[in-house]
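Residue numbers (the numbering used here): 1 to 39. Okay, so here's the structure we're looking at.
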């Protein structure tokens, strides 16, 4: 039972990390293309 909970915790941590990275990359791309359109 402990191993199952351990892996569930890892899955949630990985999911949170992926979401943060994706949002960070989307923010960079939107800022980059927004600045590019200003030229």
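Note that the Cβ used here is the ideal one computed from N, Cα and C, for glycine as well.
Taking only the alpha-carbon atoms, compute the straight-line gap between residue i and residue j and give it to the nearest angstrom.
i	j	result
residue 12	residue 23	17 Å
residue 34	residue 4	45 Å
residue 36	residue 25	16 Å
residue 7	residue 16	14 Å
residue 9	residue 20	17 Å
residue 30	residue 18	18 Å
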